[in-house]
Every structure is written in structure tokens, then in C-alpha cells.
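Numbering-wise, the sequence shown is residues 1 to 616 according to my numbering.
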Amino acid sequence: MSLDYGHWPSILSAAEVSAAATSISELRATPLGLVWLERRPQEKGRVVLMRQGQELLAAPWSARSRVNEYGGGAYWCHGDQIYFVNDADQGIYALGEPGPQLIYQAANTRFADGCVDPWRDRLLCVEEVHLPEGGSRQSLVAISLAGERTSLVTGAGFYAAPRLSPEGNTLVWLQWSAPQMPWDGCELWAATVNSDGSLGTPYRIAGSREESVQQPQWQGETLYYISDRSGWWNLYRYRDGHHEPVWQASDDAGVPLWVFGQSTYALVNAETAVLTYSDRGLWRLAVVSLTTGEWQTVPTDYTEIHSLVHLSDRAAAFIGSSPLLPPHIVQFNLDDGTTTPLQPIASPLPSAWISQPEVLEFPTSDGATAYGFFYPPKNPQVQPPPDSRPPLIVRCHGGPTAASGTGLDLRIQFWTSRGFAVLDVNYRGSTGYGRAYRNALRGQWGVVDVADCSAGAQYLVAQGRVAGDRLAIRGSSAGGYTTLCALTFTRVFHGGASYYGIGDLISLLKETHAFEAHYFDQLIAPYPEGADFYRQRSPLYHVDCLTCPVIFFQGLKDVVVPPSQAEQMVTALQAKGIPVEYYTFAEEGHGFRHSSTIATALEAELKFYQRHLLKG
Numbered sequence: 001m002s003l004d005y006g007h008w009p010s011i012l013s014a015a016e017v018s019a020a021a022t023s024i025s026e027l028r029a030t031p032l033g034l035v036w037l038e039r040r041p042q043e044k045g046r047v048v049l050m051r052q053g054q055e056l057l058a059a060p061w062s063a064r065s066r067v068n069e070y071g072g073g074a075y076w077c078h079g080d081q082i083y084f085v086n087d088a089d090q091g092i093y094a095l096g097e098p099g100p101q102l103i104y105q106a107a108n109t110r111f112a113d114g115c116v117d118p119w120r121d122r123l124l125c126v127e128e129v130h131l132p133e134g135g136s137r138q139s140l141v142a143i144s145l146a147g148e149r150t151s152l153v154t155g156a157g158f159y160a161a162p163r164l165s166p167e168g169n170t171l172v173w174l175q176w177s178a179p180q181m182p183w184d185g186c187e188l189w190a191a192t193v194n195s196d197g198s199l200g201t202p203y204r205i206a207g208s209r210e211e212s213v214q215q216p217q218w219q220g221e222t223l224y225y226i227s228d229r230s231g232w233w234n235l236y237r238y239r240d241g242h243h244e245p246v247w248q249a250s251d252d253a254g255v256p257l258w259v260f261g262q263s264t265y266a267l268v269n270a271e272t273a274v275l276t277y278s279d280r281g282l283w284r285l286a287v288v289s290l291t292t293g294e295w296q297t298v299p300t301d302y303t304e305i306h307s308l309v310h311l312s313d314r315a316a317a318f319i320g321s322s323p324l325l326p327p328h329i330v331q332f333n334l335d336d337g338t339t340t341p342l343q344p345i346a347s348p349l350p351s352a353w354i355s356q357p358e359v360l361e362f363p364t365s366d367g368a369t370a371y372g373f374f375y376p377p378k379n380p381q382v383q384p385p386p387d388s389r390p391p392l393i394v395r396c397h398g399g400p401t402a403a404s405g406t407g408l409d410l411r412i413q414f415w416t417s418r419g420f421a422v423l424d425v426n427y428r429g430s431t432g433y434g435r436a437y438r439n440a441l442r443g444q445w446g447v448v449d450v451a452d453c454s455a456g457a458q459y460l461v462a463q464g465r466v467a468g469d470r471l472a473i474r475g476s477s478a479g480g481y482t483t484l485c486a487l488t489f490t491r492v493f494h495g496g497a498s499y500y501g502i503g504d505l506i507s508l509l510k511e512t513h514a515f516e517a518h519y520f521d522q523l524i525a526p527y528p529e530g531a532d533f534y535r536q537r538s539p540l541y542h543v544d545c546l547t548c549p550v551i552f553f554q555g556l557k558d559v560v561v562p563p564s565q566a567e568q569m570v571t572a573l574q575a576k577g578i579p580v581e582y583y584t585f586a587e588e589g590h591g592f593r594h595s596s597t598i599a600t601a602l603e604a605e606l607k608f609y610q611r612h613l614l615k616g
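And the structure:
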């Protein structure tokens, strides 16, 4: 069958994409087996505690923290006991029979990223109190199993990763304050734990305004952590008052601290660690000697690896995915270097239909190089007309301090199976390419990210891979901002889709939540001194330059990018007579979690491109 690109019949429906959008995260090892979180769009985004095929949390319970709005670190374990944060009331509960038992809950208060102090029968965690006058305040607190709260550490803007030493005599944690974000500058602190549970005088171990530290882990009285002091997130240890490099490479073994509870390395025994690192956006698995620093990359098919945990002295586990397989739980055996799935896994799409990513490096503005993954159209049932080129959808990730990976994503295959090419851009500012690449977005948001997305599209046009007159761009959150900027300030693209994107930086600065309240200080400029830059880079103030169709999607419960951002852009474009479509979802916040929403948005976006990009 011969059909023009973009109109190919696909076996992958929007409903099937949304049904397969279940995500797994926060893998933990317990004496009773591996435990993890499973978010289910078909249950309106409910997050379920799972243990090797067994559901530990029945509806309507949902294990989800909302600290910093993005959450993570929603449960923690000691022995076979599990404690979790319940989404509905943000209270801390103990998993038990006949059901979860409340430990502690307070009005306008959220918790995350805890650990258990078994010597004192208490939980240590991050507390976030939302104040009546607006804003929030964070601290580290102790919650006794009897439900009594004690404040432990205050004074910094934000906290993460409280971790007790194995003997319970030292507590370490991460902290940072505005205008720093944790990937800009984050410090590792410690304090002695006194016999009554109070803390001695805190002292800083590592980190600064220009050093990002993360993921402290204890092995005996030796503390391991990841730092980017070399320009790359590498592994270090701290013992006897001295810092020692452990794994050193021009690669990143860390990730931005958008959510709590991440783990990119596991200490499997006294001599060995297993870690994952980014190689031009492809995640590799490595075995590291803790005594010599020598390390070796382990050949695997996995290109996205996270939630590494210790299983035994000879094994680790992680959540892995590849271009052909969705995320699943994997065991890694140190003795023979093999990886074994620990749950039944099969591709939700036949391999003949799967477009596999090509690693792309391309020149961009200022003589720089940018990166991305190119997915050509693929459908075994269709042949395109001779001498034709496919339309291109440029996909820009959110954050913007984040990155796209290459694990099987049916949201991409939805497009490629219908005859669209997709370029997933890791523009300057993305993580996984070193601190210098990450810092290249400082003061340049809305400039270099737009330049990189535009350059990637033009590079593929020049290569003859895509049609130069059928270029679209789409993105969510910060990626939605980049999308709107690209449509406003360039003439490269012919249409686009903004998912809860930003149109007015000034109003967002005044409305957004505490965690990101000063994020723009680094990305744009301090405010109000740099108000002119905010206006110059806000699409809303330049809609006279925007001449192509745009479709908007917005959750009405979004407190990160409020609905007013989309509404103002839609109204301005309608007044100008530009084709515009606007879809709202009453029960969605920042990031769509319901299967019905995901399917509706995909179907609407497809029809939008067929009408305006393909002209038919």
C-alpha cells in the first residue's frame, strides 16, 4: 500500500498508548523481596506499591508525595515494614493489616524522602509546610511511631536525602537555598545524633554554590556521594575527614534532583559498586572497583537504567528499558555479567513496527554542538510515494534541566507508525552531557534551546531526511515554552503543540510554586533587574510575530504552570485570527496522569497536524 506520510494506518491507537503508559519507579530491596511504585493512568494516575507481582496497596490508597510539587521519595522501608505518604492527605502511614495505619498527618503539610531510625523508633524525613500567607517552608523532622513530631534541621530553603549511618550515630542530608537549584549548587551536611535523638552541631561535608552533590549512601562508616566538582557527576567517598575520587570519567552518573529517591549507583559489597552513566544520552551499566577505581562497562541492551539497588554481595537490580522494550525490573549478576528480567516482559508493539532511535549530533548556533535522537517513520504495511519526504515533529523535553532517553516510548511510536519522523532534542541545558553543557542555558533560556531545536530540524532537512515545508514542534511545561518561543521567534516551523507551556514569564514568576520560584534567576536573569529580558523572551508579548497554527493542552489543577498561561496565549492568537485549538482537563495537574486525557490529547494533536501541517 502506498500512502502519503502522516496518513498511514497504524495498529497502535491512542487508547493503547495511554493504556501502556504505566510507569514504574523507586525500586527498593527488602527482606521479603523487591518493592517498587507503579503509576496507573487507567486508575487516574493512582500510584500502587508493588512487590514482585503482588499489589500491596489497594484502592483508593495511592503512594505519592507532593513535596516540591514533583514528589518522589514517597515510601521507605526497614526490614519488612514499609511506610508511605498517602496522596490524598499527605499523611505518613505504616503498611499493615487490615489496612494502612496512620502515623502522622498535619494540615497543609507534606512529607517525602524518609529513612527509619530503628534505635529511636522514629522516621526521619523532609517536611514541607504550606503557609497561610503563601509560599512554603521546609525542614528535616523526626516523627516517632507514636505520632510525635520533632524538628531536627531548619534554616535552608530545601532539603533532601536524610540518611542515617549504619550504627545510627551520624545523620547526613542534602540542602540548598534559592536562587540555587539542586543541580546548580547543593551541599552535603552531617551532624552527630545524640543519645536523646537530638543533633549535634551540623557541619558541611561537600558542595557549594557551584558544586552539585547528590545521592549520599553509607557503607559502614564510609560515606559515598555523587558530585560534579570535576565538571561531571562522578562518584566520591568521604572517610576519616578526607574526600577520595572513586569513579572518574567524562560522563555523568547523576541526574537532576527534580524528584526524591533516585539512585544511579549501588554498593553491592565492600569492594564493588555498580553504577549507570550517560554516554551521549545512552545509559550504560558499569562495575567499579571501590579499592582501585578501575571500572568496566557491561554490555547490555538497556539504554535507560535507573533505580539501582543492592540485592546481594554478587547482584544488583535496576529498572531498565531499551528501544525495543518498555521499563521493567532487571537483575544484574556480577559473577557472569548477565542481566535477567525479573518480571514477564514483552514489547507492546511488534518489532517490525518499532522505529529505533539514531543518535544525532548536529551543529548549532555559536559554533556549538547539540544532541538528539532521530526516529524515522516506520510501518511495515505502507510504502511512501517515491521522492517524498516525511513531516517532522521536533520534541522538546521539559525541565528544561532534564533529558530525553531512548527507552521504548509508545508516544513516539504513535507518530512514527503513522508516517511522521520525530527528533527528540537534548538541547543545551540538558543533563547527561556534563556541567558545561548544562550551564550553557544559563541566562539563555528561550534562546539556545530554540536555536538547537531549530538547528536540528534544519539539519535533517539539509540531509534530505525530512520535508522542509512540514515541520512541527511540540513540548510540555518548559518544553512547551521552548515550543512557543520557536513558533514566535523563528520561521522554521509550520505548527506546534504546547502542553501546559509558558507564554508569559513575568506572570509565571509571580504565580509558580516555591521550588521553582527563583529558577528563572539562572535561566533568564534576576528579577526585577532583568525584567526587560523576561518581556523580550515571553511569546505573549510578541504574538504579532506568531503566524502559524498552535494547539494547546492544559490541566486546570496545574499549580506549576497555571491555566492562565495557556488562556492568555489562546485569547491573543484568536484575536489575531491565527488557527488555534485549546483543550482543558478539569482533573489534571502538571503532567497528565489519566489514560483518557493522554488518549484524547494524542488524537486531537494528530488531527491538528493532518489539518494544518499536511493540508488534508
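Each residue gets a CB set at the ideal place from its N, CA and C atoms; glycine is no exception. These figures come from a predicted structure and were not determined experimentally.
Spatial neighbours of residue i in its chain, beta-carbon cut-off 7 Å, leaving aside the 5 residues before and after
{"i": "His310", "result": "Ala29, Ala266, Leu267, Val268 and Ala316"}
{"i": "Trp176", "result": "Ala156, Gly157, Phe158, Pro182, Gly185, Cys186 and Glu187"}
{"i": "Ser538", "result": "Gly503, Asp504, Leu505 and Ile506"}
{"i": "Pro631", "result": "For the chain, the structure presents residues 1 to 616; residue 631 sits outside this window and is missing."}
{"i": "Gly147", "result": "Ile103 and Tyr104"}
{"i": "Leu325", "result": "Ile345, Ser347 and Leu408"}
Residue i: CB within 8 Å of a non-hydrogen atom of the ligand FAD
{"i": "Asp251", "result": "No copy of the ligand FAD occurs in the structure displayed, which carries no ligand at all."}
As assigned by DSSP and simplified to three states, the class of residue i
{"i": "Tyr427", "result": "coil"}
{"i": "Tyr500", "result": "coil"}
{"i": "Tyr302", "result": "coil"}
{"i": "Val450", "result": "helix"}
{"i": "Tyr527", "result": "coil"}
{"i": "Val466", "result": "coil"}
{"i": "Glu133", "result": "coil"}
{"i": "Asn439", "result": "helix"}
{"i": "Ala21", "result": "coil"}
{"i": "Thr297", "result": "strand"}
{"i": "Val461", "result": "helix"}
{"i": "Pro41", "result": "helix"}
{"i": "Gly6", "result": "coil"}
{"i": "Leu508", "result": "helix"}
{"i": "His626", "result": "Summary: the structure shown does not reach residue 626, with the chain confined to residues 1 through 616, and so no result is reported for it."}
Contacting residues, own chain, Cβ-Cβ under 8 Å from residue i (five flanking each side not counted)
{"i": "Asp558", "result": "Tyr500, Glu588, Gly589 and His590"}
{"i": "Asp80", "result": "Thr30, Pro31 and Leu32"}
{"i": "Glu26", "result": "Trp36, Leu37, Gly72, Gly73, Ala74, Tyr75, Gly261 and Ser307"}
{"i": "Glu294", "result": "Val288"}
Contacts around residue i, its chain only, beta-carbon distance under 6 Å, and the 5 residues preceding and following it disregarded
{"i": "Gly432", "result": "Asp252, Ser278, Gly281 and Ala403"}
{"i": "Cys545", "result": "Thr488"}
{"i": "Arg204", "result": "Glu187 and Trp189"}
{"i": "Arg535", "result": "Tyr541"}
{"i": "Ser365", "result": "Ala451"}
{"i": "Glu603", "result": "Ala14"}
{"i": "Ala59", "result": "none"}
{"i": "Tyr459", "result": "Phe362"}
{"i": "Gly434", "result": "Gly231 and Trp232"}
{"i": "Ala20", "result": "Pro348 and Leu410"}
{"i": "Gly619", "result": "With the chain covering only 1 through 616, there is no way to say anything about residue 619."}
{"i": "Leu49", "result": "Leu56, Leu57 and Ala63"}
{"i": "Ser498", "result": "Gly480, Thr483, Leu484 and Phe552"}
Among the options, nearest to residue i - alpha-carbon criterion
{"i": "Asp335", "options": "Val298, Leu556 and Arg66", "result": "Val298"}
{"i": "Ile305", "options": "Ala20, Ala436, Val580 and Ile24", "result": "Ile24"}
{"i": "Lys44", "options": "Asp87, Tyr5 and Ile11", "result": "Asp87"}
{"i": "Val153", "options": "Gly200, Glu97 and Leu102", "result": "Gly200"}
{"i": "Thr150", "options": "Asp196, Leu174, Ala178 and Arg163", "result": "Asp196"}
{"i": "Phe84", "options": "Ser477, Ile598, Arg110 and Val543", "result": "Arg110"}
{"i": "Arg491", "options": "Gly468, Gly480, Ala478 and Gly475", "result": "Gly468"}
{"i": "Ala586", "options": "Leu174, Ala178, Gly555 and Ala94", "result": "Gly555"}
{"i": "Tyr582", "options": "Phe493, Gly114 and Glu567", "result": "Glu567"}
{"i": "Thr406", "options": "Arg395, Val466 and Ser322", "result": "Ser322"}
{"i": "Leu613", "options": "Lys510, His494 and Asp521", "result": "His494"}
Should the segment 292–307 be regarded as contacting the segment 321–341, the criterion being three or more beta carbon pairs within less than 8 Å?
yes
Could you pull out every unbroken beta strand (DSSP E) segment of at least 3 residues lying fully inside the segment 167–198, listed in chain order?
Taking only runs of at least 3 residues, the beta strand (DSSP E) segments lying wholly in the segment 167–198 are 170–176 and 187–192.
Is the number of C-beta pairs between the segment 409–426 and the segment 385–396 that are closer than 8 Å three or more?
yes
Residue ranges of each alpha helix (DSSP H) within the segment 547–594, 4 or longer:
Within the segment 547–594, complete alpha helix (DSSP H) segments of at least 4 residues are found at 564–576, given in chain order.
Restricting to runs no shorter than 3 residues, where is the beta strand (DSSP E) found entirely within the segment 218–292?
222–227, 234–239, 242–247, 265–269, 272–279 and 282–289, all fully within the segment 218–292.
Give the list of continuous beta strand (DSSP E) stretches no shorter than 3 residues that lie fully inside the segment 318–401.
328–333, 339–341, 358–363, 369–375 and 392–396
Cβ contact (3+ pairs, closer than 8 Å) linking the segment 405–413 and the segment 285–297
no
State whether the segment 115–125 contacts the segment 136–144, with contact taken as three or more CB pairs (one from each stretch) at a distance under 8 Å.
yes
At 3 residues or longer, what runs of the beta strand (DSSP E) sit wholly inside the segment 104–166?
109–117, 122–130, 136–144, 149–153 and 158–164, all fully within the segment 104–166.
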